[in-house]
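In short: position in the sequence shown from 1, add 1284, done, that's the working numbering. Each residue gets a CB set at the ideal place from its N, CA and C atoms; glycine is no exception.
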Amino acid sequence: MSSIDIRHPHSLAPAKARKAVEEVAKKLAERFDVEYDWVGDTLNFVRSGVDGKIDLKPNQLHVTAQLGFLLGALKGPIESEIRRVLEERFK
């Protein structure tokens, strides 16, 4: 299994950061059939071949994911896309 571990700084107020994470999750759900739910300040997401979470912390997001065998081969492009979206949404 491959794993992704990304820490990304942000300067958004907690409510705005949560809303931005929610918007990203909705797009993932629509595009990749990802299911997600919030537990406190952690957004958990899952679909076949991927299990992960986004921890929303003051001034930082922490994205972790375990990729199954098939998606593990695409770790580089997946990680690049996550970083791009974080840069775009959380400046």
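Between the beta-carbon of residue 1313 and that of residue 1307 there is about 11 Å, and that puts the pair past the 8 Å contact cut. Closest option to residue 1371, judged by alpha-carbon separation, among 1287, 1345, 1360: 1345. Bounds of any alpha helix (DSSP H) do not take in residue 1342, whose DSSP letter is neither H nor E. Per DSSP, residue 1296 is not a residue of any alpha helix (DSSP H), being assigned neither H nor E. When only Cα atoms are considered, residue 1359 and residue 1292 end up about 18 Å apart.
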